[in-house]
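The structure appears below as C-alpha cells.
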Amino acid sequence: MTHPYAAQADDHQKLEWLGGGVMEVLLDGERTGGQLAVFRSQAPAGAASPAHVHSREDEIFVLLSGSAVFWIGDRRFEAGEGSVAFLPRGVPHAYRITEDADLFAVSTPAGLENFFRGAGHDLSLPRPEGFTVTPATMAAAAAANGQTILGPPLAVDGVLPRIGTGATGVPYVAGAGEHETVEWIGGGLMRILLAAEHTGAQLAMFRSSAPAGAASPVYTHAREHEIILMLSGSGVYWVGEHRFELTAGGLVLVPRGVPMAHRITADAEILALTTPGGLEAFFRTVGRDVREPRPDGWEIDYELMGRASEATGQTVLGPPLEVGDMIRLP
C-alpha cells in the first residue's frame, strides 16, 4: 500500500450475488499491493453460502445490521448486529442470513475478489437473461481461487461437515455486547472489534461513533496502514496533499508514513481497520474504559495522547485542521 485512495459509495464495483443480493468490492489487491481485499454486501434473508474452506486467505466478517448463523469449524454462532468473526484459513465455515443483512468482510491476503468476480455478475454490465449464482459457477470460481466446496448450504439447524484442516490460527467470534469499548474524542465511543491477539497480529479493527466537530490532530503512522469506511454521517479526511469529503459508504486508504487528519462534519459511525495490528494499545491508553466509573470532568488528555502516540509509532505533526484547511507538507 503505497498510494492514498478514496472512493464514495457509488464508485465501488457492485456484483449481483447470492439470493439476488449485492456484493461491493471496496478494495482489491490492486489498491492494497496484494495485502488484503475489502467487501460489503447487502444480503437478503435466506441467502446462504455453501460449506467451504479457504486455503489462501484468512477472512473477517462484521455484521453491520441484520442477523445470520455462522458455522465455524465445530461451532455454530448466531450473529446479530455488531457481531464479528475472524476465520483463519483452513477452517471450514458457512453462513445463512436469517434477517436482511449488511455484511462487511475482509480477506487477507487479497485474491478473494477474483472469486466474487468469477461467480457474480458485474451490475455495470448488461444482465444475462436468467442470471443467477449457481453451485456450478461457485464451484468453478472456488477451484480457480484456492477454495474447496465441502457441501451445499446448510439449514439453520444444520451441521458443518467434519474434515481434517490445515488451519493456521484460532477462530474468534464476539457479539456486539462483548467488544472492549472506550470513551474517545468528543465523547464518542471507540469499540475494539478485533485486536492483534485475535488475528495473529495481522490487523486490528475498530468501530467508532463521533459527533459533528470531533477532529484528530495531524499525525502519521509509522507502523500501520489505515482503512476507514464511513458508515453514516460525513467527514473531511486529509491524506498527504489530498482532501476528501466522505459521506456514508465512502472509504479512504491511508498508507503508513503519510500525514493524515480528519474532522467530522455530521454525526458519524465509522469502521476502521489497521494493518498490522497493535494500534489498539493507543486507544486503550488514551481512552476511558466505559466499564469503569467516569471521573467528573473526564476528557481526552492530549499530553497523554502525545506520549501514547510515540509509544505506538505515531507522530503528532500539528493541531486539528478546520474544514477548509490543507495539511502543510515539508
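In the working numbering, the protein residues as written are 2 to 331. For every residue, glycine included, the Cβ atom is placed at its ideal position computed from N, Cα and C.
Across the set 70, 89, 88, the C-alpha of 70 shows the shortest separation from the C-alpha of residue 80. Secondary structure at residue 135: coil, using DSSP grouped into helix, strand and coil. Buried is the label assigned to residue 182, since at least 16 other Cβ atoms lie within 10 Å of its Cβ.
For residue 169, there is no enclosing beta strand (DSSP E), since its DSSP letter is neither H nor E.
Per DSSP, the unbroken beta strand (DSSP E) holding residue 191 starts and ends at 190-195.
Put simply, of 269, 198, 66 the residue whose alpha carbon is nearest the alpha carbon of residue 45 is 66. A distance below 8 Å between beta-carbons, with the five flanking residues on each side excluded, links residue 189 to the following residues of its chain, in chain order: 209, 210, 211, 212, 215. Short of 6 Å from the beta carbon of residue 140, and not among the five residues preceding or following it, lie these beta carbons of its own chain, in chain order: 150. When beta bridges are read from the DSSP output, residue 221 appears opposite 316. Residue 327 counts as exposed, since fewer than 16 other beta carbons sit within 10 angstroms of its beta carbon. The residue from 32, 4, 193 with its alpha-carbon nearest to that of residue 271 is 193. Shown here for residue 25: same chain residues with a beta carbon closer than 6 Å to its own, the five before and five after excluded, namely 13, 15, 41 in chain order.
For residue 211, there is no enclosing alpha helix (DSSP H); the enclosing beta strand (DSSP E) covers residues 205-211.
Under DSSP, residue 233 shares a beta bridge with 270.
With fewer than 16 other Cβ atoms from the protein chains shown falling within 10 Å of its own Cβ, residue 164 counts as exposed. Separation of the CB atoms of residue 174 and residue 98 is rounded to 16 Å, and the pair is thereby denied contact status at 8 Å. Residue 12 sits in a helix when the DSSP states are folded into three classes. The continuous stretches of alpha helix (DSSP H) do not include residue 3, and DSSP gives it neither H nor E. With fewer than 16 neighbouring CB atoms inside 10 Å of its own CB, residue 179 falls in the exposed class. For residue 99, the enclosing beta strand (DSSP E) has its first and last residue at 94-109. Residue pairing from DSSP leaves residue 50 without any beta-bridge partner. In the structure shown, residue 186 falls within a helical segment according to DSSP collapsed to helix, strand and coil. If you ignore the 5 residues before and after residue 305, its C-beta comes within less than 8 Å of the C-beta of 286, 287, all in its own chain and listed in chain order.
For residue 7 and residue 264, the gap between their C-alpha atoms comes out near 16 Å. Per DSSP, reduced to three states, the secondary structure at residue 215 is coil, with no helix or strand assignment.
In this chain, the alpha helix (DSSP H) harbouring residue 118 covers 113-120.
Taking the Cα positions, residue 3 is about 13 Å away from residue 260.
Taking a C-beta distance under 8 Å as the contact criterion, residue 58 and residue 112 qualify as a contact pair. The shortest CA-to-CA distance from residue 50 to any of 19, 62, 78, 43 is the one to 19. DSSP lists 23, 103 as the bridge partner or partners of residue 43. As the crow flies, the alpha-carbon of residue 318 is around 5 Å from that of residue 220. Counted as a single uninterrupted DSSP element, the alpha helix (DSSP H) harbouring residue 31 occupies residues 30-33.
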